[in-house]
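Trainee: Structure incoming, see below.
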Amino acid sequence: MKKLLKQLLAVTTAIMMAITLLPAMANAADAEVTPPPSPIFNRNSATLKIEKHDSFGGVISGDIDAQRAIFKIYQVAKVDTKVDTSKTIQLSYDVQKQFQDYITNAEIQNLGNLQDQSASKLEKKARELSEIKGLTAFATYTTGDKAIPILKENFGLYLVVETKAPDGYNLGAPFFVDVPRTTENGSAWDYAVVATPKNGSNSLDKKVAVLNEKGTVVYKTAASVKTGDTLQYTVTGTLPYLTEEELDAKDVKITISDTLTGGLAFNDPFSLEEFKINGENVKEKYLPVKQGNNQFTITIEANKEDKKNYETNLAYIKSINGKSITLTYQAKVTNAVTYATAATNKATIKVGDEEKSKSNEPEVYTYAIKLNKKLGDKDAIKEDGVQFGLYTDPTCTDENRVGNIKTVENGSITFDGLVAEGEGTTYYLKEEKTAHGYTLLSKPIAVKLIPELTETGQPTGNMQYTIDNDTRSPEHEPRLAETTITNNKGFNLPSTGGMGTYIFTIGGLVVMAGAVLLLVSSKKKRA
């Protein structure tokens, strides 16, 4: 009896599992249904339009002349008038005479099949065909124009070669397009063909980030920095597209370099944080060569004299032709970066000796506080021994001092390499030592540097500042705050340029003198 129950349970379980699988089996059966063939010549004409995109997928509109690209379009082959299409049917082309020595009918059958790793072969063949001399163009097309009409007797495969790129972009690679083409699922024909080739910008995009003490990175297009800061630069863009002539040169050389100016210096030892080509990290393969403290170069090269590695290196250069790059590296802000001049750096890409791409030059800069010191009506000099320290906290302890204590020379001292962020950064000037016979300032002077910001919160390089809550605008330099402190001999309180302390002092003396006179007068009357 137990044996029978076990058998029944097994049969029941099998039936239930079969029932649960029925929907999946039905879906699988549906998925295997092949759409019926659709005759290619159901229409008498088709159209071809080309829309340019940048390397990040954005549309280059072509609304103005500077944004337009120009193409020459060559007919490579015509379609067999008897062919239909489905997912499994390939186009059959009749090779045109001008191409027959460069491409075979068998190759044409596979050009549109990108699922068998032929994408790079497709690009290579398009590049080879684009170099044939004496070709007669089927049509010329400028982006922004109406689509080109193509009659059914000219349905087939076309080679498209860009002859003029939009301003600010490198030429794109030649490519093939079939007109008409099958829809994405292969079930019908698309007669309004739109090709969307990409152009790599000849401008590299550079962003600069300040690494704070916690390692947090904030990207800025203009950076307020201070002496000693570590900066992180990130460069993105595309490698130039090399023509067949450039690829056939004796020495095919691509150099990527960066040069710092205005007091910036690369970390020592220098290394790349990241170097990616087409998403692959190659920083260990192509090590940068540093020249001094402010320049590095990366070289990707295939030299015909290097017979052992030439073919391999050239094949690699062809594989990265026009591909995206990302480069990340760090630099230091030295004390040579001043409030007077913004520090910049520029990345470039050269092919041979010709500059093909360059980056924007994001500025980094510091702010400064200048203290003019007078002793009576004379400027303080070094021999007077007047000293000041600058601090980030009103307690003015060594832990929050900025740099060293400075001695006034020729009437002034300047604290440079300062940062101004957000709604303002406050510093405190403390007089550490004064000239013989003069009184030290009784408390530090608060100086708040208030950067001017854009609507997006980026500093513009201009500012306002406050001296003990008195708001002022720079008079000489856009990032220089100035104040004057005057000391007189005796017990008079030092002045920072205002009459307020004198008014209160004089007023107090008058009141005291009046009180003494009243007291003396009262005593005389009693006597």
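Heads up: the sequence shown runs through residues 1098 to 1624, numbered per the working numbering.
No residue lacks a Cβ here, since even glycine has one placed at the ideal position from N, Cα and C.
1) Using CA coordinates, which residue listed in D1345, Y1407, Q1427 is at the minimum distance from V1366?
2) Helix, strand or coil for F1367? Go by DSSP, reduced to three states.
3) Quick check on the burial criterion: 16 or more other C-beta atoms within 10 angstroms. Buried or exposed for N1539?
4) Would you say A1320 and V1461 are within 8 angstroms of each other, going by their C-beta atoms?
5) What whole-angstrom Cβ distance do T1634 and T1352 have, given they're in contact under 8 angstroms?
6) How about P1459 and V1274: do their beta carbons lie closer than 8 angstroms?
7) Can you look up T1358 in the DSSP assignment and give me helix, strand or coil?
8) Taking the beta carbon of L1577 as the centre, do at least 16 other beta carbons fall within 10 Å, making it buried, or is it exposed?
9) Looking at the strands, I want to know which residues DSSP matches up with Q1484.
10) Can you tell me which of G1486, K1261, L1226, Q1329 puts its alpha carbon nearest to the alpha carbon of L1254?
11) What residue range does the alpha helix (DSSP H) around S1409 cover?
12) From the DSSP output, in three-state form, read off I1161 for me.
13) Helix, strand or coil for M1113, going by three-state DSSP, please let me know.
14) So, with DSSP's three-state summary, where would you put N1432?
15) Output the distance between the C-alpha atoms of Y1190 and L1256, rounded to the nearest integer angstrom.
16) Tell me the DSSP secondary structure of L1336 in three-state form.
17) Should K1149 go down as buried or exposed, given a rule of 16 or more other Cβ atoms within 10 Å for buried?
18) Which residue comes first and which comes last in the beta strand (DSSP E) that contains L1472?
19) Compare the beta carbon distance of G1419 and A1262 with 8 angstroms and say whether it is the shorter of the two.
20) Measure the C-alpha to C-alpha separation of E1228 and E1341 and round it to an integer number of angstroms.
21) Could you check what DSSP says for A1203 in three-state terms: helix, strand or coil?
22) Leaving out five residues on either side along the sequence, give the residues of the same chain with a beta carbon under 8 angstroms from the beta carbon of G1376.
23) Report the option in K1175, N1501, A1444, T1463 whose CA atom is closest to the CA atom of L1336.
24) In whole angstroms, what separates the C-alpha of E1250 from that of E1452?
25) Can you grab the Cα-Cα spacing for the pair F1372 / I1397, in whole Å?
26) What separation, rounded to the nearest whole angstrom, lies between the Cα atoms of Y1413 and A1399?
27) As a quick exercise: from T1201, K1586, G1241, V1258, pick the residue whose alpha carbon is nearest that of D1474.
28) Could you please give the first and the last residue of the uninterrupted beta strand (DSSP E) stretch that includes E1452?
Mentor: Reading it off the structure:
1) Here residue 1366 is Pro; the residue named in the question, Val, does not match the sequence. Comparing Cα positions, the closest option is Q1427.
2) It is coil, neither helix nor strand.
3) The question names Asn, but residue 1539 in the sequence shown is Ser. Only exposed fits S1539, as fewer than 16 other CB atoms lie within 10 angstroms of its CB.
4) The answer is yes: Cβ separation under 8 angstroms.
5) Outside the displayed span of the chain (1098 to 1624) sits residue 1634, for which this structure offers no information.
6) Going by beta carbons, P1459 and V1274 fall outside the 8 angstroms limit.
7) Residue state for T1358 is assigned as coil, using DSSP reduced to three classes.
8) Classification of L1577: buried, given that the 10 Å Cβ count is 16 or more.
9) For Q1484, which the question treats as bridged, DSSP gives the partners T1504, K1530.
10) Closest option to L1254, Cα to Cα, is L1226.
11) For the sequence presented, residue 1409 should be read as Thr rather than Ser. In the DSSP assignment, T1409 falls within the alpha helix (DSSP H) that extends over 1407 to 1416.
12) Three-state result, I1161: coil.
13) Unreliable positioning characterises M1113 in this predicted model, as indicated by a pLDDT of 37, which lies under 50. A coordinate reading is not provided.
14) In the structure shown, N1432 sits in coil (DSSP, three-state: anything other than H, G, I, E or B).
15) Take the alpha-carbon of Y1190 and the one of L1256: they are about 14 angstroms apart.
16) DSSP places L1336 in coil when its eight states are reduced to three.
17) Around the beta-carbon of K1149, 16 or more other beta-carbon atoms lie within 10 Å, marking it buried.
18) Segment 1464 to 1472, the beta strand (DSSP E) holding L1472.
19) Result no, Cβ atoms of G1419 and A1262 do not sit closer than 8 angstroms.
20) CA-to-CA, the gap between E1228 and E1341 works out to about 7 angstroms.
21) Three-state result, A1203: helix.
22) Excluding positions up to five away in sequence, the list reads S1421.
23) Here the closest residue by C-alpha is A1444.
24) E1250 and E1452 have their alpha carbons spaced roughly 45 angstroms apart.
25) Straight-line Cα distance between these residues: approximately 13 angstroms.
26) Whole-angstrom Cα-Cα distance: 9 angstroms.
27) Residue nearest to D1474 within the set T1201, K1586, G1241, V1258 is K1586 (criterion: CA-CA distance).
28) 1451 to 1456 is the extent of the beta strand (DSSP E) around E1452.
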